[in-house]
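Enquirer: Residue numbers (full-length UniProt numbering): 1 to 229. Sharing a structure with you now.
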């Protein structure tokens, strides 16, 4: 009503019963008062306070939304950005003079079932000299004794054309997997080469947001055993 009172005070218009019947509807401190006796300065202060309050609430809500979105979707956006960036620039060929191995096999060496599958199904077939023989890197066979685990892991990833993760529900929750996966992702950022292949023994992790994102962006690198033998 501030603009209305200002207009009445600066024009010569005559409004019947202005002093008695025309009252202010708000804010609360001025509700019911005659517009003739309304203090414009006080109303302007109330308006300023309302604007400041609205801006504060908007800032708090925006911060909460940004924080929530960052917590829920930051990794998805980060991964999609680097993956698409690598796609646009184009992958470099995996043939490199520095590559000693065709693939580094990452799996839970403490899991007897996973170890048996890797040795009997994966290694036996891929390194079969009667077929197209691949040179694989295995932790238990090719890592240097006495060398730090992280150094062995980093070298195996850097010296291999691909990094194959043999996944189980239990292994997906271990720190060893997270470290190996992070180091493999470094090649995506540094070299613009996506070297990761996931093989799931049994039912994939349905609740894994990464798996769903990986399937959408690069479905051919996500395999299920025995669905994709």
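Just so it is clear, CB atoms sit at the ideal spot from N, CA and C, and this is done for glycine as well. If you're wondering where the values come from, they're calculated on a predicted model, not measured in any experiment.
#1: What did DSSP end up calling residue 225 once you bin it into helix, strand or coil?
#2: Report, in whole angstroms, the separation of the C-beta atoms of residue 161 and residue 102, which I expect to be a contact under 8 Å.
#3: My output table needs one value for residue 16: the three-state DSSP class, helix, strand or coil.
#4: Under 7 Å from any heavy atom of the ligand ATP, does the C-beta of residue 70 make it?
#5: Do residue 154 and residue 136 have their beta-carbon atoms positioned less than 8 Å apart in this structure?
#6: Could you give the distance in angstroms between the alpha-carbon of residue 129 and the alpha-carbon of residue 192?
#7: What's the call for residue 92, buried or exposed, on a 16-neighbour Cβ count within 10 Å?
#8: For residue 134, name the three-state secondary structure that DSSP assigns.
#9: Can the beta-carbon of residue 118 be found closer than 8 Å to that of residue 163?
#10: Determine which residues share a DSSP beta bridge with residue 163 and list them.
#11: Per DSSP, which residues does residue 201 bridge with? Please list them.
#12: With a threshold of 8 Å on Cβ separation, who are the neighbours of residue 123 within its own chain once the five nearest residues in sequence on each side are excluded?
#13: Shortest alpha-carbon distance to residue 157 belongs to which of 203, 197, 126?
#14: Let me check understanding here. Comparing Cα to Cα, which of 165, 170, 189, 144 lies closest to residue 181?
#15: What do you get for residue 167, buried or exposed, if any count of 16 or more other CB atoms within 10 angstroms of its CB means buried?
#16: Going by DSSP in three states, residue 91 sits in which element: helix, strand or coil?
#17: So which of 70, 134, 187, 109 has the shortest CA-CA distance to residue 177?
#18: Apart from the five residues on each side of it in sequence, which residues of its chain come closer than 6 Å, Cβ to Cβ, to residue 187?
#19: Which residue marks the beginning of the alpha helix (DSSP H) containing residue 113, and which one marks its end?
#20: Consult DSSP for residue 144 and reduce its assignment to one of helix, strand or coil.
#21: With H, G and I counted as helix, E and B as strand and the rest as coil, what does DSSP make of residue 190?
#22: Using only the alpha-carbon positions, how far apart do residue 221 and residue 147 sit?
#23: I'd like the span of the alpha helix (DSSP H) that includes residue 153, first residue to last.
Expert: Walking through what the data contain:
#1: strand
#2: 5 Å
#3: coil
#4: Absence of the ligand ATP from the depicted structure is noted, as is the absence of any ligand whatsoever, leaving it without description.
#5: no
#6: 32 Å
#7: The predicted position of residue 92 is uncertain, since its pLDDT is 47 and thus under 50; no value can be drawn from it.
#8: coil
#9: no
#10: 104, 196
#11: 225
#12: 105, 136, 138
#13: Ranking 203, 197, 126 by Cα distance to residue 157 puts 197 first.
#14: Nearest C-alpha to residue 181: 165.
#15: Label assigned to residue 167: buried.
#16: Reliability fails at residue 91, whose pLDDT of 46 lies under 50, so the model's placement of it is uncertain and the value that follows must be treated cautiously. Per DSSP, reduced to three states, the secondary structure at residue 91 is coil, with no helix or strand assignment.
#17: 109
#18: 193, 195
#19: Start and end: 112–117.
#20: coil
#21: helix
#22: Each residue's alpha carbon lies about 31 Å from the other.
#23: 149–158
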